[in-house]
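The block underneath contains the structure these notes are about, expressed in structure tokens.
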Amino acid sequence: MKSPDSLASLFSASASAFRLYTEEELIASRDAAMHAWQPGSDIWVFGYGSLIWRPEFDYEEKREALLRGYHRSLCLWSRINRGTPERPGLVLGLDAGGACKGVAYRVAGKEVPETMDALWRREMASGAYLPRWLNCATQKGRVQALVFVMDRSKPAYAQGLTAQQQAHIVLDAHGKYGPCTEYVLETVHALRAAGICDQKLESVVGALHASRPAEYTKASVAPPFGTP
1 MKSPDSLASL FSASASAFRL YTEEELIASR DAAMHAWQPG SDIWVFGYGS
51 LIWRPEFDYE EKREALLRGY HRSLCLWSRI NRGTPERPGL VLGLDAGGAC
101 KGVAYRVAGK EVPETMDALW RREMASGAYL PRWLNCATQK GRVQALVFVM
151 DRSKPAYAQG LTAQQQAHIV LDAHGKYGPC TEYVLETVHA LRAAGICDQK
201 LESVVGALHA SRPAEYTKAS VAPPFGTP
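This is the structure we're talking about:
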């Protein structure tokens with residue numbers, strides 16, 4: 001496991017190139033992703049992390065969905081929402097490989113422009129994700145949904161961390177939206193409520209619980225599956 005000093009060096013190295021998108025870059029990214037959208041038509045959005053428990057947009061339909069080719073991972077440094085530039089937290093991204101169970105939301109065509117503008121400001125502020133239209137399997141058939149996958153070329157990409165290292169980082173991080181522990185535990189709570197068990201995320205939760213059981217009281221999240 002990396003020492004606190006080596007983790008500090010990792011924070012510093014990834015922070016050197018950190019910046020937020022300008023307004024022009026944000027709009028250009030959104031418009032590029034939506035160029036094929038037909039005005040008035042509904043779209044689907046895939047949620048795998050905080051979008052499951054805090055979507056913050058109206059939707060007409062919600063389905064359990066399976067995305068193949070990517071897996072849920074605490075692979076994104078958070079330097080504002082759940083951390084600071086000096087002591088970043090970790091939030092979820094979709095990293096290459098495997099599969100991910102999540103939720104697909106159908107957004108009404110009339111709501112798409114406003115929803116996409118808000119979603120881009122929430123998800124694409126640092127340009128760390130790649131917006132993609134990908135096929136997701138649902139019980140009612142396949143849908144093509146907007147998915148934000150991790151851009152591995154960006155300095156915000158956190159790779160090669162063990163569950164214990166991730167837990168150490170999460171425990172010490174706090175941003176404008178609150179503690180990083182809250183983000184992780186709320187996500188696990190939502191996944192469990194949806195009948196989804198993410199073993200890697202559960203491993204991080206196990207490390208968090210072993211370090212600070214009191215955090216579970218705050219987030220009303222029980223210990224990991226299989227923990228006495």
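UniProt numbering puts the first residue of the sequence shown at 1, with every later residue one more than the last. Ideal placement from N, C-alpha and C gives every residue a C-beta, glycine not left out.
| task | Out of Arg72, Ala173, Tyr177 and Leu146, point me to the one whose CA is closest to Glu202's CA. | result | A check of alpha carbon separations from Glu202 across Arg72, Ala173, Tyr177 and Leu146 identifies Arg72 as the nearest.
| request: Buried or exposed for Leu185, please, with buried defined as at least 16 other CB atoms from any protein chain shown within 10 angstroms of its CB. | output: Burial call: buried.
| task | For my contact list, Thr84 and Gly141 are in at a C-beta cut-off of 8 Å; report their separation, rounded to the angstrom. | result | With a Cβ gap of about 44 Å, Thr84 and Gly141 do not count as contacting.
| message | Nearest by alpha-carbon distance to Met34: which of Gln165, Asp172 and Arg132 is it? | response | Looking from the CA of Met34, the closest CA among Gln165, Asp172 and Arg132 belongs to Arg132.
| said: For Lys154 and Gln199, what's the separation of their Cα atoms in angstroms? | reply: Rounded to whole angstroms, Lys154 to Gln199 spans 26 Å at the Cα level.
| request: Please classify Ala137: does DSSP put it in a helix, a strand, or coil? | output: In the structure shown, Ala137 adopts extended strand secondary structure according to DSSP, grouped into three states.
| request: For Asp58, count neighbouring Cβ atoms within 10 angstroms of its own Cβ and tell me buried if that reaches 16, exposed if not. | output: Under this definition Asp58 is an exposed residue.
| task | In angstroms with no decimal places, state the Cα-to-Cα distance between Gly40 and Arg87. | result | For Gly40 and Arg87, the distance between alpha carbons rounds to 43 Å.
| message | I'd like to check one pair, Ala65 with Ala99: are the Cβ atoms closer than 7 Å? | response | For Ala99 and Ala65, no; Cβs fall outside 7 Å.
| said: Using 7 Å as the threshold, is the C-beta distance between Val91 and Leu76 below it? | reply: It is a contact, given that the beta carbons lie within the stated cut-off.
| Under three-state DSSP, which class holds Gly49? | Of the three classes helix, strand and coil, the one that applies to Gly49 here is coil, per DSSP.
| Burial state of Glu25, where buried means 16 or more other Cβ atoms lie within 10 Å | With fewer than 16 other Cβ atoms within 10 Å, it is exposed.
| query | DSSP three-state call for Ser73: helix, strand or coil? | reply | Ser73: strand per DSSP, three-state reduction.
| request: Return helix, strand or coil for Leu171, following the three-state DSSP convention. | output: Helix.
| query | What do you reckon, are the CB atoms on Gly49 and Thr181 nearer than 7 Å? | reply | The Cβ atoms of Gly49 and Thr181 do not sit closer than 7 Å to each other.
| message | Whole angstroms are fine: how far does the CA of Ala190 sit from the CA of Arg54? | response | Roughly 10 Å separates the two Cα atoms.
| Is the beta carbon of Arg30 less than 7 Å from the beta carbon of Met116? | For Arg30 and Met116, yes; Cβs fall inside 7 Å.
| field | Boundaries of the beta strand (DSSP E) in which Leu94 is found, first to last residue | value | Gly89 to Val107 is the extent of the beta strand (DSSP E) around Leu94.
| request: Using the DSSP secondary-structure output, state which residues sit across from Met124 in a beta bridge. | output: Within the DSSP bridge table, the entry for Met124 names no partner.
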